[in-house]
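Residue numbers (the working numbering): 4 to 135. Glycine included, C-beta positions come from ideal geometry on N, C-alpha and C. In this text the structure is predicted, and so the values were computed from the model without any measurement. Quick notes on the structure that follows.
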Amino acid sequence: MKINWKKLSGVGRIVWRRETLAFACILSIFFVVLAFVTNIPNQASSVEVELAQNVQSLSTIIEQPVNAPYKLLSYAATTMTPSIRAVRAVSFTIYLIACIAMYYALKHWHTAQTSILTTLAFAANSIVLATS
Numbered sequence: 004m005k006i007n008w009k010k011l012s013g014v015g016r017i018v019w020r021r022e023t024l025a026f027a028c029i030l031s032i033f034f035v036v037l038a039f040v041t042n043i044p045n046q047a048s049s050v051e052v053e054l055a056q057n058v059q060s061l062s063t064i065i066e067q068p069v070n071a072p073y074k075l076l077s078y079a080a081t082t083m084t085p086s087i088r089a090v091r092a093v094s095f096t097i098y099l100i101a102c103i104a105m106y107y108a109l110k111h112w113h114t115a116q117t118s119i120l121t122t123l124a125f126a127a128n129s130i131v132l133a134t135s
């Protein structure tokens with residue numbers, strides 16, 4: 004049996020284009036939402052103030068290591084720009100990574116449509132719980 008390499012390379016280009024388009028769409032949505040999140044007034048909620056106090060130094064992060072990766076990223080962001088917007092950007096980035104990881108994990112067990120629907124439900128539930 005002879006392999007038709009031209010046919011296979013054409014299929015690879017279509018898949019590559021589809022994945023690139025999906026990545027570009029997700030990236031553009033990420034920047035639009037991130038711009039919206041960072042334009043929220045600078046008034047911080049009590050939870051955000053508490054987080055800012057917990058990430059002021061590495062020693063406080065080591066003393067309370069719950070959510071250490073998140074706190075380390077928040078510490079790095081607040082040392083670069085001491086703004087609540089930086090903490091919000093870190094929070095949104097981790098939220099987006101969690102949604103993407105959930106989709107890919109579900110995609111291995113279920114169909115793409117089911118994975119998308121479940122991921123959207125997860126994302127909407129997280130937003131509702133955070134804003135209520």
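With 16 other Cβ atoms within 10 Å as the buried cut-off, status of residue i
i, result
"ARG91", "buried"
"TYR78", "buried"
"ILE100", "exposed"
"VAL52", "exposed"
"ALA89", "buried"
"LEU24", "exposed"
"LEU76", "buried"
Residue i to residue j span [Cα, whole Å]
i, j, result
"TYR107", "PHE39", "26 Å"
"ILE87", "THR81", "8 Å"
"PRO85", "VAL35", "22 Å"
"HIS113", "SER62", "43 Å"
"ALA127", "THR121", "10 Å"
"VAL50", "LYS110", "34 Å"
"ALA55", "LYS74", "9 Å"
"VAL69", "SER118", "29 Å"
"PHE95", "SER31", "14 Å"
Which of helix, strand or coil DSSP assigns to residue i
i, result
"ALA47", "coil"
"PRO85", "coil"
"VAL52", "helix"
"ASN57", "helix"
"VAL90", "helix"
Where the alpha helix (DSSP H) containing residue i begins and where it ends
i, result
"THR63", "61-66"
Any chain C beta carbon closer than 8 Å to residue i
i, result
"TYR98", "Of the protein chains in this structure there is only one, and it is not chain C."
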